[in-house]
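Read the structure below first, then the notes.
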Amino acid sequence: MTTLTAAVDYWCNCFLPDREANWERAVERQALTLRFSRPGDEFCTPDEMVTRLHDSGFAQVVVVATPPPPAGTDDPNLFEHVAFRPEEVAGLARDHPRVFRGLWSVDPGSGERGVALAEEMLGEPWCVGLHNHTHSWDRRFDHPDFDPYYRLCEQQDVPFVMQAGASGGRFRHECGHPDGIDAPAAEFPTVRFVLSHTGWPWTTGTIERARRFPNVYLGTATWPLRRWEPELVDFVRGPGTSKVLYGSGFPITGHRQAARQFADPELTSALGDEVVTAVTSINARSVFTRLPDPGEPDPGEPTFDEPTFDEPTFDEPTFDEED
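Under this note's numbering, the first residue of the sequence shown carries the number 42, and numbering increases by one thereafter.
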């Protein structure tokens, strides 16, 4: 039996109760068969989430932040509807400085303004990297619009996380093909790229990139352990032990759900405790180097201001299971 200890979740969507209705609208609009709220893993307040994380063996969670949706837009498929706002993440990190950090999700079509905003966000104590909700923009990873953001990650020594593979929604899927990372990984060798969502249905291609490039990692967000494909399990317990990161993609999978599955000998017997620790904790800390030590707060904690912004998208694989 494996018990999670000091685990890190590298991709958590907004868990606040007022976002639940947005998920319901998006699922209904896209006619998805998607169960995203389980007993014990419901949408909740920050304090309730901290208790849940502690009970489940998670020390830290990296959430995703975006600007608010464009004014007058009522498209439930926009990722902005299910993400945090930067001021919300600042509040989380201020109130729970050892638990919460965030990624800033970029808009590759926003030009110099978007790059400047990303740089501003990376100057906030809570921000540990940049994020691309790939299918919102229908741009491959090697699209020139991403180069300024990759360069910014290079300068700031932070990772770039992107959804790889197909989307669970009504989006164009080819933009998420893992072969799009080949050129960026070679051109920006010091940038740590995380190809999230296992890259399904191109998991084989995602694994191949994680093998080939020292700076490319595979992330499992939205894919609970029970759903990991045999080739992914083989990679994790073999050459990929240091190249795979666990993510929940909450609410697609929950933290108590993750704890139950990693405690299931039938699911972890092929992995072992050392591999589970690497995937759920060690690897994330080597990629997200801005994460604080998960120990007790120090007297000199940084000050987290609450910026506000007024300026100017949904998908996940579909699972319906109890555990």
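No residue lacks a Cβ here, since even glycine has one placed at the ideal position from N, Cα and C.
Note that the structure is predicted; figures quoted are calculated from it, not measured.
Check	Outcome
Bridge partners - Tyr258, DSSP secondary structure assignment	Val235
Straight-line Cα distance separating Val91 from Arg60	18 Å
Whole-number beta carbon distance between Val102 and Cys53, since they are thought to touch under 8 Å	5 Å
Straight-line Cα distance separating Val123 from Cys85	14 Å
Length of the line joining the Cα atoms of Glu249 and Arg192	24 Å
Helix, strand or coil at Phe201 according to DSSP, with G and I counted as helix	strand
Distance CB(Thr43)-CB(Val317) smaller than 8 Å	yes
For Gly290, the first and last residue of its enclosing alpha helix (DSSP H)	First-last for Gly290: undefined, no H or E at that position.
Cβ pair Ala106, Leu144 closer than 8 Å	yes
Neighbourhood of Thr282 by C-beta, 7 Å cutoff - its chain only, sequence neighbours within 5 removed	Val316 and Ala319
Local conformation of Val328 per DSSP, three classes	helix
Thr44 in three-state terms, based on DSSP	coil
At least 3 beta-carbon pairs within less than 8 Å: the stretch 162-176 vs the stretch 133-147	yes
Check whether Ala311 and Leu286 have beta carbons under 8 Å apart	no
Cβ separation of Val277 and Tyr258, assumed to be a contact under 8 Å, to the nearest whole Å	That belief does not hold up - the Cβ atoms of Val277 and Tyr258 are roughly 12 Å apart, past 8 Å.
Counted within 10 angstroms of its Cβ, other Cβ atoms place Glu357 as buried (16 or more) or exposed	Per-residue confidence for Glu357 stands at a pLDDT of 44, beneath the threshold of 50, marking its modelled position as unreliable; no derived number is given.
Exposure of Glu129, with buried meaning 16 or more beta-carbon neighbours within 10 Å	buried
Val140, DSSP secondary structure in three states	coil
As assigned by DSSP and simplified to three states, the class of Leu57	coil
Unbroken beta strand (DSSP E) run spanning Gly240, endpoints	Where Gly240 is concerned, there is no enclosing beta strand (DSSP E), given that its DSSP letter is neither H nor E.
Distance, Arg126 Cα to Pro271 Cα	37 Å
Assigned exposure category for His95 - 16 Cβ within 10 Å defines buried	exposed
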